[in-house]
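Written out below as structure tokens is the structure these notes cover.
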Amino acid sequence: MILTGALVNLITVVAGTFVGLVAGKFLSERIRTATMSAVALITIGIAVPGLMNSTKPLVPILSLVLGTVIGEALDIDRAVTRLGDKLQEKFKGKGRITEGFVTCTLLFAVGAMTIMGSLDSGLKNDHTILIAKSVIDGISSIIFASTLGIGVAFAGISVFVVEGGITLLASLVAPLLTEVVVNEITFVGSLLILGISGNLLGITKLKLLNMMPAVFLPILLCQFM
Numbered sequence: 135m136i137l138t139g140a141l142v143n144l145i146t147v148v149a150g151t152f153v154g155l156v157a158g159k160f161l162s163e164r165i166r167t168a169t170m171s172a173v174a175l176i177t178i179g180i181a182v183p184g185l186m187n188s189t190k191p192l193v194p195i196l197s198l199v200l201g202t203v204i205g206e207a208l209d210i211d212r213a214v215t216r217l218g219d220k221l222q223e224k225f226k227g228k229g230r231i232t233e234g235f236v237t238c239t240l241l242f243a244v245g246a247m248t249i250m251g252s253l254d255s256g257l258k259n260d261h262t263i264l265i266a267k268s269v270i271d272g273i274s275s276i277i278f279a280s281t282l283g284i285g286v287a288f289a290g291i292s293v294f295v296v297e298g299g300i301t302l303l304a305s306l307v308a309p310l311l312t313e314v315v316v317n318e319i320t321f322v323g324s325l326l327i328l329g330i331s332g333n334l335l336g337i338t339k340l341k342l343l344n345m346m347p348a349v350f351l352p353i354l355l356c357q358f359m
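Per our numbering, residue 135 is the first one in the sequence shown, and the count goes up by one each step.
Structure follows, in structure tokens:
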């Protein structure tokens, strides 16, 4: 099945979340706080490799500026926060749903493995990269869900939509997603992931969802730069 890779990724994120929720019940508040700091450091570690291969400095700069303007105009953060608040009411005591959703959507749905794995699934029916990514995301979900709660599971839906969409449209988008474009998308996404670590540590209060359109702009900008 063409969507096997994306479906496996969804399942591992959801499964990892529920393992993390069970594990989280045995953690004291002090340990949860310490774990959150550890999670922030892990987030930095995930982001740094994605900052290494950018070759067009102006592309991420313009992407972030223009993407933030678009995101603020649409106020994506407010819309998702409202949804998160409704889910928070429904799943009381299940963690910080909005934060878990936003954090793990950025972590799991942005990056070279997401793009290249989805293209392989769509063009070659080869799910190797996405299945390998699923293992990584599943383990990460356990860690994040133990402190952020059930919102991590909802990020699995975002991952499925992104990976499934690229997979189904692979023949159309593949010519646009050259190595240079993928590197710039990964760079912008990695900057947003660094922003997550700042938010987790309480250093910043960035509205990262309003910056999300920036991730897609390198596809356009790299055609002209």
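Heads up, the beta-carbon is just placed ideally off N, CA and C, and yes, glycines get one too.
Neighbourhood of Ile136 by C-beta distance below 8 Å, restricted to the same chain and skipping five residues each side: Ser255, Gly256, Asn259, Thr301, Leu302
I need the DSSP call for Gly245, collapsed to helix, strand or coil. coil
Does DSSP put Gly283 in a helix, a strand or coil? strand
Given 8 Å, three or more beta-carbon pairs between the segment 337 to 348 and the segment 178 to 185: no
Among Cys356, Pro352, Ala348, Pro309, which residue has its Cα nearest to the Cα of Ile210? Of Cys356, Pro352, Ala348, Pro309, the smallest CA-CA separation from Ile210 is found for Ala348.
Count Cβ pairs between the segment 148 to 159 and the segment 271 to 284 that sit closer than 8 Å; are there 3 or more? yes
Taking its Cβ as the centre, do 16 or more other Cβ atoms sit within 10 Å of Glu223, making it buried, or is it exposed? Glu223 is exposed by the Cβ-count criterion.
CB-CB under 6 Å to Lys341, same chain, minus the five flanking residues each way: which ones, in chain order? Excluding the 5 residues flanking it on each side, Lys341 has same chain C-beta neighbours closer than 6 Å at Asp211, in chain order.
For the alpha helix (DSSP H) containing Lys339, list its first residue and its last residue. Neither: Lys339 is in no alpha helix (DSSP H) and is coded neither H nor E.
Quick one: give me the first and last residue of the alpha helix (DSSP H) that Val182 is part of. It is not in any alpha helix (DSSP H) - Val182 carries neither H nor E in the DSSP assignment.
Which of the three DSSP states, helix, strand or coil, is assigned to Thr262? helix
Cutoff 7 Å; reference Phe242; Cβ partners in own chain excluding five residues on either side: Val147, Asp271, Ala289, Val293
Could you pull the start and end residues of the alpha helix (DSSP H) that Leu326 belongs to? 313 to 334
Quick check on Phe160: buried or exposed, where buried means 16 or more other Cβ atoms within 10 Å of its Cβ? exposed
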